[in-house]
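Here is the structure we will look at, set down as structure tokens.
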Amino acid sequence: MGSGASDSRRARGGFLLLDKPSGPTSHDMVRALRRLLAERRVGHCGTLDPLATGLLVLVVGQSTRLAPYATACAKRYRCTVELGLRTDSDDVDGAVIGRTDPGGVTDAALATALESLRRSVMQVPPRISALRVAGERSHRLARSGRPVELAPRPVEIRQLTALHRDGARVEIEALVSAGTYLRALARDLGELLGCGAAVSALRRIAVGDLSVVDAVPLEVLAAGDAWAHVRAPELLFAADRRLRLDRSAARELWRGATTASVADSPAGSPPWFAYTADDVVGVVAPAGAAGGIRLLRGFPARSET
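Quick note on numbering: the sequence shown equals residues 81 to 385 in my numbering.
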């Protein structure tokens, strides 16, 4: 990357696709990237459990403001579920609270249970999670022995397929909405089968149109120029969620947060990413019935940075 392009990327930031190893937390990866990029502003677009591997989308610099809008994408996982095991965290890293022989679970019963979960719309998150309950993290309450009551919340399970079974171990591929816990999905599968279940391996393979095939491990970033792997912020959104504006429409948004100067809206669902030929505007959404748009989260105009 030339010095001009590098300076521009550093000014605007962007995003990076990391292939996370099992063991570290997502925030461990954020801290590592802060050191490698010498940039304090680094965040992620959806956490991965320490056990999990795979695609972690990291946003850098001014592009950290895009994270809440990028997390709405559907996510695809490969997950190994251990039938007959119950733990307090719903994965094998947790304390074992029960074991049951799953030998009586037939392939037909497994298929029926998976079909039932595909129709699920409400999910109770795991007690061992980062969700807050009365201002405290759920995992801290649970591990201190205090009661934890997490309300069910709507999720969409678009695909749930058993790829392979080897006795008590079942490999599953799932396409789910943002906010879906695969550990809770395994727990609920085990309860439907009457034997319990917990996740023993988990890999995120896609977030929206972004694939783990294009991700790089941390050691590759550490061995060279990590900034060379930072992508332009507009590529964080699928092509049908990008809106190219002329400079006058962008100026209206920067000055007044709305504009009617939009000829054609993107085909994809809002919010959309708006940009010009040489600048980033921000995240926008429809405003009224006249075809205008409003600025939800803006970047300062380049002349102001």
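The beta-carbon is built from N, C-alpha and C at its ideal position, and this holds for glycine as well.
From a predicted model like this one, the values you see are computed outputs, not experimental measurements.
Practice item. Check whether the segment 330 to 337 touches the segment 131 to 145, counting contact only when three or more Cβ pairs, one atom from each stretch, lie closer than 8 Å. Key: Counting C-beta pairs with one atom in each stretch, the segment 330 to 337 and the segment 131 to 145 have fewer than three that are closer than 8 Å, which means they do not touch.
Check your understanding: For Glu332, which of helix, strand or coil comes out of DSSP?
Key -> In the structure shown, Glu332 falls within a helical segment according to DSSP collapsed to helix, strand and coil.
**Study point:** Rounded straight-line distance, which links the Cα of Asp108 to that of Thr385
**Key:** At Thr385, the pLDDT of 42 sits below 50, so the modelled position is not reliable; the number obtained from the coordinates is stated separately. Cα to Cα, the separation comes out at about 30 Å.
Review point. Under the criterion of a Cβ to heavy atom distance below 7 Å, does Arg245 qualify as lining the ligand GTP?
Key: The ligand GTP is not part of the structure shown, which contains no ligands of any sort.
Practice item. Using the Cα positions of Ala112 and Val185, report the straight-line distance between them to the nearest angstrom. Key: Spanning the alpha carbons of Ala112 and Val185 requires a straight line of approximately 44 Å.
Exercise for review: For Met202, I'd like the list of residues in its chain whose CB is within less than 8 Å of its CB, leaving aside the five on either flank, ordered along the chain.
Suggested key: Hits under 8 Å: Pro232, Arg233, Pro234, Val235.
Point to revise | Spatial neighbours of Asp294 in its chain, beta-carbon cut-off 7 Å, leaving aside the 5 residues before and after | key: These residues qualify, in order along the chain: Leu97.
Review point. Is the distance from the Cβ of Leu255 to the Cβ of Arg198 below 8 Å?
Key: In this structure, Leu255 lies away from Arg198, with their beta-carbon atoms at least 8 Å apart.
Review point. Rounded to the nearest angstrom, how far is the Cβ of Ala266 from that of Val279, given a contact under 8 Å?
Key: Taking 8 Å as the upper bound for CB-CB distance, Ala266 and Val279 are in contact here, some 5 Å apart.
Practice item. Round the Cβ separation of Leu163 and Gly270 to the nearest angstrom and send it over; I've been treating them as touching at under 8 Å. Key: About 7 Å separates the beta carbons of Leu163 and Gly270, which is inside the 8 Å limit, making them a contact pair.
Practice item. Give the DSSP-derived three-state secondary structure of Ser280 in the structure shown. Key: Looking at Ser280 - three-state DSSP - the assignment turns out to be strand.
Review point. Comparing alpha-carbon positions, which option in Val110, Gly134, Tyr149, Val122 lies nearest Glu376?
Key: Just to set this straight, residue 376 is Leu in the shown sequence, not Glu. The shortest C-alpha to C-alpha distance from Leu376 to any of Val110, Gly134, Tyr149, Val122 is the one to Tyr149.
Check your understanding: Would you call Gly174 buried or exposed, if buried means 16 or more other Cβ atoms sit within 10 Å of its Cβ?
Key -> Burial call: buried.
Exercise for review: Pull up the distance between the alpha-carbon of Asp246 and that of Phe95, whole angstroms please.
Suggested key: It is roughly 38 Å from the alpha-carbon of Asp246 to the alpha-carbon of Phe95.
Practice item. Would you be able to state if there are at least three C-beta pairs under 8 Å between the segment 340 to 353 and the segment 300 to 310? Key: No, they do not touch.
Point to revise | Nearest candidate by alpha-carbon position, reference Glu314, set Asp268, Arg374, Ala354, Ile252 | key: In terms of Cα proximity to Glu314, the closest of Asp268, Arg374, Ala354, Ile252 is Ala354.
Review point. When burial is assigned at 16 or more other CB atoms within 10 Å of the CB, is Leu323 buried or exposed?
Key: A residue is called buried once 16 or more other Cβ atoms fall within 10 Å of its Cβ, and Leu323 is buried on that count.
Practice item. Below 6 Å CB to CB, which residues in the same chain sit around Gly378 once its five sequence neighbours on both sides are set aside? Key: Closer than 6 Å at Cβ, skipping near neighbours: Gly362.
Check your understanding: So who's on the other strand from Cys159, going by DSSP bridges?
Key -> Per DSSP, the beta-bridge partners of Cys159 are Ile252, Leu282.
Practice item. Give me the Cα-Cα distance between Arg179 and Ala147, rounded to the nearest whole angstrom. Key: Going by the C-alpha atoms only, they are around 39 Å apart.
**Study point:** Through-space distance from Pro380 to Ala367, alpha-carbon basis
**Key:** Rounded to whole angstroms, the separation of the alpha carbons of Pro380 and Ala367 is 21 Å.
Review point. Within this structure, are the beta carbons of Pro351 and Arg263 separated by less than 8 Å?
Key: No, the Cβ-Cβ distance between Pro351 and Arg263 is not below 8 Å.
**Study point:** Where Tyr261 falls: helix, strand or coil (DSSP)
**Key:** Coil at Tyr261, not helix or strand.
**Study point:** Burial state of Leu243 (16 or more Cβ within 10 Å)
**Key:** That one is exposed.
Review point. The beta strand (DSSP E) spanning Leu243 covers which residue range?
Key: DSSP places Leu243 inside the beta strand (DSSP E), whose first and last residues are 237 to 246.
Practice item. State the Cα-Cα distance for the pair Leu128 and Pro101, rounded to the nearest angstrom. Key: Each residue's alpha carbon lies about 10 Å from the other.
Check your understanding: Based on the DSSP output, what are the partners of Leu96 in its beta bridges?
Key -> Answer by DSSP bridge pairing, in chain order: Leu138.
Exercise for review: Return the chain-ordered ranges of every beta strand (DSSP E) run that is complete within the segment 296 to 365 and spans a minimum of 3 residues.
Suggested key: The qualifying runs are 322 to 324, 352 to 355.
Exercise for review: Assign Gly274 to one of three DSSP states: helix, strand, or coil.
Suggested key: If DSSP states are grouped into helix, strand and coil, Gly274 belongs with coil.
Practice item. Can you have a look at Ile177 and say buried or exposed, based on whether 16 or more other CB atoms are within 10 angstroms of its CB? Key: Around the beta-carbon of Ile177, fewer than 16 other beta-carbon atoms lie within 10 Å, marking it exposed.
Check your understanding: Can you tell me whether DSSP reads Ser102 as helix, strand or coil?
Key -> The answer is coil: DSSP assigns Ser102 none of H, G, I, E or B.
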